[in-house]
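Residue numbers (full-length UniProt numbering): 1 to 371.
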């Protein structure tokens, strides 16, 4: 069995003061272990609690139903499959709990838009807000106003600057973003047989979870796969993440004609990398990423550029966030940070992986692409 130290990678272990250990000898073994191990820590360094620990009894559920509570879902960005799965999980669970969802907003990754969304929602006096801050500093005052007004806050992935769990908000819930970065690195190594030149397309923003992915991918490659060289890196800021990634990948491929693979920080930038590879005639390029969106899933199903990815579990994450909001209504003590394990996905596991991620069968577009 590969232990936590091996999964984290030597570079990351040195940063945390742990002793170095030998590199993983078998990517497949490491990938299997990631599905039962959470490597991420919370935004303030919290130990992760498993989502399976977050439960409500039938008596507690009835108490919540009797409250006639309301909730708002304040997204950073709604234009991808991950966000929609989160919203679906939240709405499904809130309906079971008798909580009315009075608003769902999309900030388009703009902090000023999210602040305005929060101000508009506060005029409706919600009992609960579940949200992911676009920027932990720029949005902090708006969330602070909601917290001080008595709104029960649950965060997905990112937490406003200066906020303390149990005081300013109930809890934060996340996928194992560090673990998914590690998974994407092992998948890249598996596809390249442990040797080659690669580029990285990362998120150039103060965003906790995307930074975890980048740190994890890079640390794992550098510590576990000495014959894979990172020869190019480019940050993207959006809001046109696919277009930015297309331009970044095109520049990498032009400057590094021997490039064997590119890692993209999530599926939408990966779509841009696919476009750049096609335009460059690089049919042999290997892409790994994080997040199982439909477009990258179709490419994977077709045996295209995307070899594999680390998937989050956004539907289950949404269910967990809604349940934690119930903790706030009841005054029940909640864990500060809850995380769901990484899910490595390749073409061989794509259909099962989709059902795990979205709690529904793969779309016709995906299944038809498997033929």
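No residue lacks a Cβ here, since even glycine has one placed at the ideal position from N, Cα and C.
- If you ignore the 5 residues before and after residue 60, its C-beta comes within less than 8 Å of the C-beta of 326, 330 and 332, all in its own chain and listed in chain order.
- Below 8 Å, enough C-beta pairs join the region 68-88 and the region 289-301 to call them touching: three or more.
- Contact annotation: residue 159 and residue 43 have beta-carbon atoms nearer than 8 Å.
- A straight line joining the alpha-carbon of residue 218 with that of residue 311 spans about 18 Å.
- Excluding its 5 nearest sequence neighbours in each direction, residue 235 has C-beta neighbours in its own chain below 6 Å: 202 and 204, listed in chain order.
- Only residues of its own chain outside the window of five on either side were considered, and among them 111 and 206 have a CB closer than 7 Å to the CB of residue 135, listed in chain order.
- Taking every protein chain shown into account, the CB of residue 149 has fewer than 16 other CB atoms within 10 angstroms, so this residue is exposed.
- The Cβ atoms of residue 31 and residue 176 lie no closer than 8 Å to each other.
- By the C-beta criterion, the region 121-135 is judged to be in contact with the region 65-75, since at least 3 inter-stretch pairs fall below 8 Å.
- Straight-line measurement puts the Cα of residue 87 at about 15 Å from the Cα of residue 133.
- When C-alpha distances from residue 101 are compared across 164, 194, 92 and 249, the shortest belongs to 92.
- In this structure, residue 171 lies near residue 324, with their beta-carbon atoms less than 8 Å apart.
- The way I'd put it, the region 248-255 does touch the region 265-281; three or more beta-carbon pairs between them come closer than 8 Å.
- Assignment of beta-bridge partners to residue 156 by DSSP yields 173.
- Distance from the CA of residue 178 to the CA of residue 35, rounded to the nearest whole angstrom, comes to 12 Å.
- Positions of the beta strand (DSSP E) runs, each at least 3 residues long and wholly inside the region 93-175, are given as 100-106, 128-131, 152-156 and 171-175 in order along the chain.
- Spatial neighbours of residue 256 in its own chain (CB-CB distance under 6 Å, excluding positions within 5 residues in sequence) are listed in chain order as 231 and 232.
- Closest option to residue 304, judged by alpha-carbon separation, among 266, 335, 216 and 366: 366.
- According to the DSSP assignment, residue 300 belongs to the alpha helix (DSSP H) that extends over 294-301.
- Per the C-alpha coordinates, the member of 267, 317 and 328 positioned closest to residue 300 is 267.
- In the DSSP assignment, residue 212 forms no beta bridge with any residue.
- The C-alpha of residue 212 lies about 9 Å from the C-alpha of residue 41.
- Scanning its chain for C-beta atoms nearer than 7 Å, with the 5 sequence neighbours on each side dropped, one finds around residue 196 the residues 228, 260 and 261, in chain order.
- Here DSSP, grouped into helix, strand and coil, assigns residue 199 to strand.
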